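Per this note's numbering, the sequence shown runs over residues 1 to 294. Data first, discussion second: the structure below is written as structure tokens.
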Amino acid sequence: MANNIEVKELLDAGVHFGHLTRRWDPNMAPYIYMERNGIHIINLYKTAAKIDEASEALRKIAASGRKILFVATKKQAKEIVAEKASKANQPYITERWPGGMLTNFVTIRKAVKKMAAIDRMKKDGTFMTLSKKERLQVDRLRAKLEKNLGSISDMTRLPGALFVVDITREHIAVKEAQKLNIPIFAMVDTNSDPRQVDYLIPANDDASKSIDKVMTYVSDAIIEGLSERKASKDAPKKDAPAKGDAPAKEETPVKEEAKVEAPAKTEAKVETPAKAEAKVEAPEVIEAAKQEEE
1 MANNIEVKEL LDAGVHFGHL TRRWDPNMAP YIYMERNGIH IINLYKTAAK
51 IDEASEALRK IAASGRKILF VATKKQAKEI VAEKASKANQ PYITERWPGG
101 MLTNFVTIRK AVKKMAAIDR MKKDGTFMTL SKKERLQVDR LRAKLEKNLG
151 SISDMTRLPG ALFVVDITRE HIAVKEAQKL NIPIFAMVDT NSDPRQVDYL
201 IPANDDASKS IDKVMTYVSD AIIEGLSERK ASKDAPKKDA PAKGDAPAKE
251 ETPVKEEAKV EAPAKTEAKV ETPAKAEAKV EAPEVIEAAK QEEE
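Following this line, the structure appears as structure tokens:
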């Protein structure tokens, strides 16, 4: 990854521009190269090294099968983060951060299940049995849930890491991740405290070009990790002998291997808390929609 990160590309994208000197955080001093016209200039060589370090860690997390939750609610970062996260098949939050998104994850999952319940109602015909007013209320509830939580509908457990653009703005998300000991990756500008995150990338987090450049490196690393995971899963299938080719005695190691892999199934049951949650029935959805209208 290090060889692919060109300092000139970072320079052209404006990654080096920090905030005004009077708005700086002293803890960012090691990553500041100089001051020019009242603005701090970030050391891009250190930025490149930090991108490489963060990308390697994210690649390993993706290869392990855990999800990385991207958080960016500022206007200039929304579309870029949504595009890059979708490309890497990762969940993201680009609207308002729902309070308790991580610390009260079970409740958030129930809200996501309401969306699934509404979709089931539309498929099985229950939706059409409602009155016109109730259908309108349910549709509005579905649209609101989709806007705020639609991008995390596939996230059935807590993420393996959090990637944040502008930790000052997303301080609630950072605090929740710290409380649960979830690794935090972030683009950190000169006005933020880098001690709050585990893997920082000193960079301009206000310009769309800068965000796009850093997010490109990050998303490519995650896609690489997912490819490694897929390749490792496919490898045993390709190497496995055909049923009729090997004699009965030679098949025993395969059976032993299957026994060794059994604990993985048990682990899978523990990692899916979504199954333990109560199902959201149609009356509950209608009641929730009415309360939302009021």
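We put the CB at the ideal spot given by N, CA and C, even for glycine. Given the structure is predicted, the values throughout are model-derived calculations rather than measurements.
Buried or exposed for residue i, please, with buried defined as at least 16 other CB atoms from any protein chain shown within 10 angstroms of its CB.
{"i": "T47", "result": "buried"}
{"i": "E170", "result": "buried"}
{"i": "R59", "result": "buried"}
{"i": "R109", "result": "buried"}
Checking 8 Å against the spacing of the C-beta atoms, do residue i and residue j come in under that value?
{"i": "Y92", "j": "S151", "result": "yes"}
{"i": "L162", "j": "V81", "result": "no"}
Roughly how many angstroms separate the alpha carbons of residue i and residue j, rounded to a whole number?
{"i": "S219", "j": "M128", "result": "42 Å"}
{"i": "K8", "j": "G14", "result": "10 Å"}
{"i": "V188", "j": "I201", "result": "6 Å"}
{"i": "V174", "j": "K67", "result": "17 Å"}
{"i": "D12", "j": "I41", "result": "14 Å"}
{"i": "Y45", "j": "L20", "result": "21 Å"}
{"i": "T190", "j": "K75", "result": "19 Å"}
{"i": "V254", "j": "S232", "result": "Only weak support exists for where V254 lies, its pLDDT of 42 falling under 50; the value from the coordinates is given anyway. C-alpha separation (whole angstroms): 17 Å."}
{"i": "N204", "j": "I39", "result": "12 Å"}
{"i": "T73", "j": "M121", "result": "32 Å"}
Using 8 Å for Cβ pairs, my map puts residue i next to residue j. What's the rounded Cβ distance?
{"i": "A63", "j": "E228", "result": "5 Å"}
{"i": "P159", "j": "L69", "result": "4 Å"}
Looking at the structure shown, is residue i part of a helix, part of a strand, or coil, going by DSSP?
{"i": "M187", "result": "strand"}
{"i": "R22", "result": "helix"}
{"i": "I32", "result": "strand"}
{"i": "L145", "result": "helix"}
{"i": "V197", "result": "coil"}
{"i": "A262", "result": "Residue confidence for A262 is low, a pLDDT of 41 falling below 50, so the modelled location carries little weight and cannot support an answer."}
{"i": "H16", "result": "coil"}
{"i": "L226", "result": "helix"}
{"i": "L44", "result": "helix"}
{"i": "A161", "result": "strand"}
Would the C-beta of residue i count as close to the ligand FAD, meaning under 7 Å from any of its heavy atoms?
{"i": "K230", "result": "Summarising the ligand content, the structure contains no ligands, and the ligand FAD is consequently not present."}
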